[in-house]
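*Asks:* Sharing a structure with you now.
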Amino acid sequence: MLFNSIEFAVFLPLVFILYWFVFQKNISRQNLLILLVSYVFYAWWDWRFLFLLAFSTFLDYFAGLKIEQSKTEKESKFWLILSIGINLGFLGFFKYYNFFVTELTAAIANAGITIDPWTLKVILPVGISFYTFHGLSYIIDIYKKRIIAEKNFVDYAVFVSYFPLLVAGPIERATHLLPQFKRARVFNYQNAADGMRQILWGLFKKVVIADNCATYANDIFNSSSEHNGSSLFIGAVFFTFQIYGDFSGYSDIALGVSRLFGIELLRNFAFPYFSRDIAEFWRRWHISLSTWFRDYLYFPLGGSKGGTWMKVRNTFIIFIVSGFWHGANWTFLAWGFLNALYFIPLLLLDKNRTNLDIIPTHNFLPSIKEFFQISFTFFLTVIAWIFFRSDNISQAFSIIGEIFSKSSLSIPDFLGKHDMIYLIIHCCMIGVLLVTEWLHRDKQHGLQFNNATLHSKVRRWSVYAVIVVFILLFGGKQNNFIYFQF
Amino acid sequence: MSKFLQKFGWFLALVILLNLMYLLVLVLFSPGFKKIYQISQIRNQKFEVLALGNSLALDGIDAEYLTKNGINTYNLAVAGSHVATSLLILEDYLKHNQKPKLVIVGLSAAYGKAYLNKVPFNNPEVEFFYHPNWKENITNPPLMNFQWLSVDLLKIIISKDHRNATLVKGQWKTKKTIPDNTVYKGNSNSVIDYTDPYLSKIVDLCRKNRINIILTELPGSNNTRNDLPFVYEATLKDNTKFPVFNLNNYAISSGIIDSSKDWLGVNHLNQFGGEKITRYLLENVIHNSEITKIKE
Numbered sequence: 039m040l041f042n043s044i045e046f047a048v049f050l051p052l053v054f055i056l057y058w059f060v061f062q063k064n065i066s067r068q069n070l071l072i073l074l075v076s077y078v079f080y081a082w083w084d085w086r087f088l089f090l091l092a093f094s095t096f097l098d099y100f101a102g103l104k105i106e107q108s109k110t111e112k113e114s115k116f117w118l119i120l121s122i123g124i125n126l127g128f129l130g131f132f133k134y135y136n137f138f139v140t141e142l143t144a145a146i147a148n149a150g151i152t153i154d155p156w157t158l159k160v161i162l163p164v165g166i167s168f169y170t171f172h173g174l175s176y177i178i179d180i181y182k183k184r185i186i187a188e189k190n191f192v193d194y195a196v197f198v199s200y201f202p203l204l205v206a207g208p209i210e211r212a213t214h215l216l217p218q219f220k221r222a223r224v225f226n227y228q229n230a231a232d233g234m235r236q237i238l239w240g241l242f243k244k245v246v247i248a249d250n251c252a253t254y255a256n257d258i259f260n261s262s263s264e265h266n267g268s269s270l271f272i273g274a275v276f277f278t279f280q281i282y283g284d285f286s287g288y289s290d291i292a293l294g295v296s297r298l299f300g301i302e303l304l305r306n307f308a309f310p311y312f313s314r315d316i317a318e319f320w321r322r323w324h325i326s327l328s329t330w331f332r333d334y335l336y337f338p339l340g341g342s343k344g345g346t347w348m349k350v351r352n353t354f355i356i357f358i359v360s361g362f363w364h365g366a367n368w369t370f371l372a373w374g375f376l377n378a379l380y381f382i383p384l385l386l387l388d389k390n391r392t393n394l395d396i397i398p399t400h401n402f403l404p405s406i407k408e409f410f411q412i413s414f415t416f417f418l419t420v421i422a423w424i425f426f427r428s429d430n431i432s433q434a435f436s437i438i439g440e441i442f443s444k445s446s447l448s449i450p451d452f453l454g455k456h457d458m459i460y461l462i463i464h465c466c467m468i469g470v471l472l473v474t475e476w477l478h479r480d481k482q483h484g485l486q487f488n489n490a491t492l493h494s495k496v497r498r499w500s501v502y503a504v505i506v507v508f509i510l511l512f513g514g515k516q517n518n519f520i521y522f523q524f
Numbered sequence: 229m230s231k232f233l234q235k236f237g238w239f240l241a242l243v244i245l246l247n248l249m250y251l252l253v254l255v256l257f258s259p260g261f262k263k264i265y266q267i268s269q270i271r272n273q274k275f276e277v278l279a280l281g282n283s284l285a286l287d288g289i290d291a292e293y294l295t296k297n298g299i300n301t302y303n304l305a306v307a308g309s310h311v312a313t314s315l316l317i318l319e320d321y322l323k324h325n326q327k328p329k330l331v332i333v334g335l336s337a338a339y340g341k342a343y344l345n346k347v348p349f350n351n352p353e354v355e356f357f358y359h360p361n362w363k364e365n366i367t368n369p370p371l372m373n374f375q376w377l378s379v380d381l382l383k384i385i386i387s388k389d390h391r392n393a394t395l396v397k398g399q400w401k402t403k404k405t406i407p408d409n410t411v412y413k414g415n416s417n418s419v420i421d422y423t424d425p426y427l428s429k430i431v432d433l434c435r436k437n438r439i440n441i442i443l444t445e446l447p448g449s450n451n452t453r454n455d456l457p458f459v460y461e462a463t464l465k466d467n468t469k470f471p472v473f474n475l476n477n478y479a480i481s482s483g484i485i486d487s488s489k490d491w492l493g494v495n496h497l498n499q500f501g502g503e504k505i506t507r508y509l510l511e512n513v514i515h516n517s518e519i520t521k522i523k524e
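In order, the protein sequence lines correspond to chains A and B.
Residue 195 in our numbering sits at position 157 of the first sequence; the count goes up by one each step and never skips.
Residue 382 in our numbering sits at position 154 of the second sequence; the count goes up by one each step and never skips.
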């Protein structure tokens with residue numbers, strides 16, 4: 039069930055009514071309701087994978103109890119490794135099996151031995167990377183004694199399968215989300231109203247920005263060898279906005295939906311394309327994954343405590359693993375590696391924590407220096423997204439080669455294939471996105487108003503009207519959310 | 229909670245109001261929308277000739293010119309339509325009006341794939357007027373359903389030529405001129421796939437009603453033209469052969485149309501080009517339409 043579908047438009051109000059009007063007096067019943075509807079939500083894609091979700095949930099629940107009950111460190115470690123092994127085993131099988139088999143076969147073939155690749159038609163269960171990481175953080179936190187094991191199975195199962203975040207995050211922590219399922223929820227008008235605005239803004243980003251940019255990006259990337267450098271660069275820029283609109287739009291909808299139920303989720307995006315350097319970008323892009331890797335991989339590896347070499351090594355490891363988390367393709371590894379290359383100079387010069395505040399804090403417009411910093415960082419991310427979007431490494435390099443050739447100075451050749459008026463409308467919509475988010479860059483999302491910024495009801499409702507018209511009138515064809523495949 | 233539900237109710241009311249306002253704007257300002265409303269309301273008329281097709285026929289078949297020349301004609305073509313839409317419109321017309329003597333179906337090489345697409349579709353604005361359905365209007369509200377008509381509205385706002393364009397006897401007439409700078413590829417002899425079942429149904433419907441029918445391949449831009457003869461045989465779905473009058477032949481269309489003056493955009497004729505091609509059609513096809521008469 040997609041957030042931008044008619045089914046969800048019926049599903050959400052039904053669940054809302056049941057949650058607040060039928061089951062409102064009992065937390066356990068509310069949680070049970072959320073669990074059931076989350077399973078319905080998930081089964082809408084493929085009911086067969088419900089068993090995998092249920093098994094993964096039960097495994098981590100059981101392992102968590104066992105770790106807590108363990109009398110020795112050895113026993114505790116056994117349950118930790120068992121749980122991590124099985125979780126990563128499932129993830130590895132569904133996500134990476136064919137990749138490793140194909141690559142291994144190719145490597146053996148290079149040595150002169152030909153064998154049949156034993157690939158399988160594996161369907162990737164939607165959201166497996168996300169709920170696996172939920173479970174892992176829970177187990178590791180119990181092992182590290184940061185939290186105690188959850189005794190109530192339903193409460194734990196809701197934490198893993200809570201429908202707003204089940205298929206594409208944000209990746210939650212038990213320390214943050216589980217306590218919210220344990221206490222009574224009171225309907226808060228301000229939170230719910232702001233949640234609705236966040237849903238509206240998320241829909242705009244998904245339907246208007248991502249789905250329309252996808253048309254151009256797909257057209258250009260799918261026939262990249264036929265285009266000149268300027269078209270390829272524009273295609274990469276469209277993909278840059280597509281992936282931002284798609285993923286941050288999904289996150290906004292997820293956060294907004296969750297707020298309707300009185301549950302606050304972790305923020306996942308903080309206007310990353312206004313970053314002044316790559317380090318800042320990574321503090322603002324897919325925050326829940328970046329912090330997950332920081333807490334469960336970078337710090338355990340020693341973080342930045344062990345000298346320059348260890349800092350550099352650990353940085354490369356988390357970026358490459360982060361790339362690999364996105365999918366079984368060398369392009370994702372290259373994307374991670376390139377981002378690490380971008381990041382390392384800042385780390386070595388000790389400038390990776392220079393830009394921690396909102397840009398610019400006191401002025402409406404950035405300074406010339408800040409403008410160039412933002413533009414340069416944006417350019418670097420555009421180049422990195424080429425690896426992310428390309429089918430293979432050689433396509434990515436050939437696109438980049440063409441972009442840095444003379445053909446980038448010629449008129450984009452993709453223009454003739456598209457109706458100019460639509461192109462102008464879609465570019466204007468990107469402008470609306472940038473201006474709105476710039477105006478609200480100190481807020482949690484692009485439509486978060488307060489009395490100081492938009493005190494008049496008429497003006498506020500006019501903004502809603504305009505956004506609704508944009509969504510309905512300029513919405514692109516319904517595409518799946520990109521991050522469902524991860 | 230009640231405040232939230234109240235605000236949510238207001239929000240839904242706003243969405244409904246915006247959709248109604250959009251419908252009103254379309255009714256007042258969109259020529260495409262107005263035309264479909266008009267043709268859905270045609271009753272008890274006695275047109276001798278009807279033109280069907282997509283935007284190429286809408287711009288290119290000059291019903292006013294034919295009427296001035298003694299043949300009372302109406303252009304029923306709809307922009308961006310599939311041949312299934314043409315069938316729907318013709319069936320409805322025949323239910324409520326006297327049958328015409330002749331139906332001209334304007335086909336096209338350039339847009340053949342859309343008009344004769346393998347997946348049939350009825351234009352949403354046609355469905356809106358011909359098959360009103362409240363459920364459809366809720367799940368697919370007008371702002372979403374008639375997205376592409378908003379582009380026409382924008383063109384009207386931006387362009388004076390679009391504002392000054394008129395609908396005359398169903399033909400969209402504009403003096404706007406954009407030269408056709410495309411180049412003829414040469415030696416193009418591939419026939420359009422005419423096996424769409426809806427085209428056969430139009431032919432059958434005309435046969436049953438003893439209406440003459442002309443299939444004509446309308447001219448596109450230079451790069452879409454062909455070298456096929458002026459009359460070639462098309463094979464329809466039921467394997468019957470039917471003549472197609474080929475105005476998209478490069479030599480013929482180049483003799484009629486001025487690339488620098490007669491186009492309003494890619495593959496679309498302006499009113500000057502439309503009149504020229506209709507004159508040629510009248511003199512060389514309609515006057516000789518005995519050849520397409522249904523045999524007893």
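We put the CB at the ideal spot given by N, CA and C, even for glycine.
Within 10 angstroms of its Cβ, does Val506 of chain A collect 16 or more other Cβ (buried), or is it exposed?
*Replies:* Buried, by the Cβ-count rule.
*Asks:* With respect to the alpha helix (DSSP H) encompassing Glu292 of chain B, which residues constitute its N-terminal and C-terminal limits?
*Replies:* Ala291 to Lys296
*Asks:* Out of curiosity, what's the CA-to-CA distance linking His265 of chain A and Phe452 of chain A?
*Replies:* 7 Å
*Asks:* Just checking, does the region 204-219 of chain A make contact with the region 301-309 of chain A on the three C-beta pairs under 8 Å criterion?
*Replies:* yes
*Asks:* How far does the alpha helix (DSSP H) with Pro383 of chain A in it reach, from first residue to last?
*Replies:* Trp368 to Leu386
*Asks:* Indicate, with yes or no, if the ligand SAH has a heavy atom lying under 7 Å from the CB of Val333 of chain B.
*Replies:* No copy of the ligand SAH occurs in the structure displayed, which carries no ligand at all.
*Asks:* Can you confirm whether Ile421 of chain A, when its beta carbon is compared against all beta carbons of chain B, has any partner nearer than 8 Å?
*Replies:* False, the Cβ-Cβ gap to chain B never drops below 8 Å.
*Asks:* For Trp58 of chain A, which residues in chain B fall below 9 Å Cβ to Cβ?
*Replies:* Met229
*Asks:* Evaluate His324 of chain A with the Cβ neighbour count: other Cβ atoms within 10 Å of its Cβ, from every protein chain shown; 16 or more gives buried, anything less gives exposed.
*Replies:* With 16 or more other Cβ atoms within 10 Å, it is buried.
*Asks:* Give me, in chain order, the residues of the same chain whose beta-carbon lies closer than 7 Å to that of Ile424 of chain A; leave out the 5 immediate sequence neighbours on both sides.
*Replies:* The answer, listed in chain order, is Ala274, Ala434, Ile437 and Ile438.
*Asks:* Under the three-state reduction of DSSP, which class applies to Tyr412 of chain B: helix, strand or coil?
*Replies:* coil
*Asks:* For Ile153 of chain A, count neighbouring C-beta atoms within 10 Å of its own C-beta (all shown protein chains included) and say buried if the count is 16 or more, exposed if not.
*Replies:* exposed
*Asks:* Return the CA-CA distance between Thr392 of chain A and Thr369 of chain A, expressed in angstroms with no decimal places.
*Replies:* 30 Å
*Asks:* Hey, Thr415 of chain A and Asp315 of chain A: beta-carbon distance below 8 Å or not?
*Replies:* yes
*Asks:* Might you give, ordered along the chain, the residues of its own chain that have their beta carbon closer than 8 Å to the beta carbon of Val192 of chain A, omitting 5 neighbours on each side?
*Replies:* Ser66, Asn69, Leu70 and Leu73
*Asks:* Report the residue ranges of all alpha helix (DSSP H) runs contained in full by the region 287-355 of chain A; include only those spanning at least 4 residues, in chain order.
*Replies:* Runs of the alpha helix (DSSP H) inside the region 287-355 of chain A: 316-322 and 325-331.
*Asks:* Considering only the beta carbon of each residue, do Ala292 of chain A and Pro208 of chain A sit closer than 8 Å?
*Replies:* Yes, Cβ-Cβ distance for Ala292 of chain A and Pro208 of chain A is below 8 Å.
*Asks:* Consider the Cβ of Pro369 of chain B: report whether some Cβ of chain A lies at a distance smaller than 8 Å.
*Replies:* yes
*Asks:* The beta strand (DSSP E) that contains Ser7 of chain A, what's its start and end?
*Replies:* Beyond the ends of chain A as shown, which are 39 and 524, falls residue 7 of chain A; an answer cannot be given.
*Asks:* When burial is assigned at 16 or more other CB atoms within 10 Å of the CB, is His464 of chain A buried or exposed?
*Replies:* When all chains shown are included, His464 of chain A counts as buried.
*Asks:* Beta-carbon within less than 7 Å of Ile406 of chain B's beta-carbon, same chain only, minus the 5 sequence neighbours each way: which residues are those?
*Replies:* Trp491, Leu492 and Gly493
*Asks:* Can you confirm whether the region 162-177 of chain A touches the region 250-265 of chain A when touching is taken to mean that 3 or more C-beta pairs between the two stretches lie within less than 8 Å?
*Replies:* Judged by Cβ distances under 8 Å, the region 250-265 of chain A makes no contact with the region 162-177 of chain A, as fewer than three pairs qualify.
*Asks:* Check whether chain B comes within 8 Å of Leu293 of chain A, counting only Cβ atoms and requiring the distance to be less than that.
*Replies:* no
*Asks:* Rounded to the nearest angstrom, what separates Tyr57 of chain A and Gly260 of chain B at their Cα positions?
*Replies:* 46 Å
*Asks:* Using 8 Å for Cβ pairs, my map puts Pro370 of chain B next to Leu456 of chain B. What's the rounded Cβ distance?
*Replies:* No, Pro370 of chain B and Leu456 of chain B are not in contact; Cβ-Cβ is about 42 Å, not under 8 Å.
*Asks:* Straight-line CA distance for Glu188 of chain A to Leu215 of chain A?
*Replies:* 12 Å
*Asks:* Locate the beta strand (DSSP E) running through Thr506 of chain B, then write down its first and last residues.
*Replies:* Where Thr506 of chain B is concerned, there is no enclosing beta strand (DSSP E), although the alpha helix (DSSP H) it sits in stretches over Gln499 to Asn512.
*Asks:* Need the endpoints of the beta strand (DSSP E) that Ala222 of chain A sits in, please.
*Replies:* Per DSSP, Ala222 of chain A belongs to no beta strand (DSSP E) and is neither H nor E.
*Asks:* Going by DSSP, which residues form a beta bridge with Phe470 of chain B?
*Replies:* Looking at the DSSP assignment, Phe470 of chain B forms a beta bridge with B:Ala462.
*Asks:* Is the shortest distance between the beta-carbon of Leu254 of chain B and the beta-carbons of chain A less than 8 Å?
*Replies:* no
*Asks:* Run through chain B and tell me which residues come within less than 8 Å of Ala252 of chain A, C-beta to C-beta.
*Replies:* Close to Ala252 of chain A, with beta-carbon spacing below 8 Å, lies no residue of chain B; the smallest spacing is near 16 Å.
*Asks:* I'd like to check one pair, Asp320 of chain B with Tyr265 of chain B: are the Cβ atoms closer than 8 Å?
*Replies:* no
*Asks:* When Cβ atoms are compared, which residues of the region 122-144 of chain A fall closer than 9 Å to chain B?
*Replies:* none
*Asks:* Specify, as a first and last residue, the run of the beta strand (DSSP E) that Leu278 of chain B falls within.
*Replies:* Leu278 of chain B -> beta strand (DSSP E) spans Val277 to Gly281.
*Asks:* Around the C-beta of Thr463 of chain B, are 16 or more other C-beta atoms found within 10 angstroms, so that it is buried, or is it exposed?
*Replies:* exposed
*Asks:* Check for me: the beta strand (DSSP E) holding Asn266 of chain A runs from which residue to which?
*Replies:* It is not in any beta strand (DSSP E) - Asn266 of chain A carries neither H nor E in the DSSP assignment.
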